[in-house]
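The next block holds one structure in the form of structure tokens; read it before the comments.
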Ligand SMILES: C[S@@+](CC[C@H](N)C(=O)[O-])C[C@H]1O[C@@H](n2cnc3c(N)ncnc32)[C@H](O)[C@@H]1O
């Protein structure tokens with residue numbers, strides 16, 4: 036079973052399982068958008084759209100997700116909000132957008148979900164304009180962290196919902212023009228982190 040199948044099964048109960056636990060962390064992450072007037076923003080792996088109620092209304096959004104059943108819920112949620120969003124079924128590891136297209140890329144609970152986080156970060160980097168930012172909320176191990184339970188359950192958890200063995204730092208080191216401007220604990224004792232990356236001009 037691939038992730039599209041598992042998230043099709045998750046879709047009807049995803050909000051019940053995840054919404055309350057993540058609401059505060061989402062709000063805090065998205066507060067970083069500040070005045071987003073006329074900004075072009077990508078929601079990568081938008082899921083059921085739990086981020087949507089926290090988004091400023093005056094930006095333009097594109098939202099992508101691999102799983103039509105998740106995306107259908109996000110579309111329904113969007114109809115109740117004054118947001119301009121185009122939804123796409125697609126792959127975060129092969130984004131259907133040109134280079135330097137977005138001012139901000141939001142990566143909430145997606146980098147540690149996809150099978151190849153490096154490819155997903157490289158794609159986010161490609162579509163981000165110089166001067167733009169990535170807002171990341173996800174669970175990462177620290178370099179050298181033993182976390183043997185999280186590493187041990189990864190073969191199963193990565194098939195069912197999410198990887199639990201992703202170390203963030205090596206992903207970003209491949210992109211010298213990505214500068215870490217924030218990295219702080221979001222939830223679960225710092226396992227989930229708020230990370231902000233800025234793409235500097237060459
Ligand atoms: C844990 S959910 C997070 C959803 C949402 N970002 C949130 O914060 O609630 C992971 C989402 O990633 C989607 N997904 C998994 N693999 C993907 C891929 N390769 N490209 C795009 N989306 C993917 C799943 O369908 C699911 O909606």
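In the numbering used here, the protein residues as written are 36 to 237. The beta-carbon is built from N, C-alpha and C at its ideal position, and this holds for glycine as well.
Can you name, in chain order, every residue of its own chain whose Cβ lies under 6 Å from the Cβ of residue 136, other than the five neighbours on each side?
So the qualifying residues of the chain are 162.
Determine contact between the region 167–177 and the region 220–234, defined as no fewer than three beta-carbon pairs at a distance below 8 Å.
Flag = yes, the region 167–177 and the region 220–234 touch.
Going by CA-CA distance only, name the one from 105, 77 and 132 that's closest to residue 196.
For residue 196, the nearest C-alpha among the options comes from 105.
Quick one: give me the first and last residue of the beta strand (DSSP E) that residue 163 is part of.
Unbroken beta strand (DSSP E) run through residue 163: 163–174.
Are the region 86–102 and the region 116–131 touching, with three or more C-beta to C-beta distances below 8 Å?
They touch, by the three-pair rule.
Out of 121, 95 and 222, state which residue places its alpha-carbon closest to the alpha-carbon of residue 143.
For residue 143, the nearest C-alpha among the options comes from 222.
Count the CB pairs spanning the region 152–159 and the region 206–222 that are closer than 8 Å, and state whether there are at least three.
Enough Cβ pairs lie closer than 8 Å, so yes.
So residue 105 is in the alpha helix (DSSP H); what residue range does that whole segment cover?
Segment 103–114, the alpha helix (DSSP H) holding residue 105.
CB residue 145 to CB residue 80, shorter than 9 Å?
In contact: residue 145 and residue 80 (Cβ atoms closer than 9 Å).
In the DSSP assignment, the beta strand (DSSP E) including residue 121 goes from what residue to what residue?
119–124 is the extent of the beta strand (DSSP E) around residue 121.
Under 9 Å between the Cβ atoms of residue 235 and residue 213?
It is a contact, given that the beta carbons lie within the stated cut-off.
What does DSSP give as the partner residues of residue 142 in its beta bridges?
For residue 142, which the question treats as bridged, DSSP gives the partners 171.
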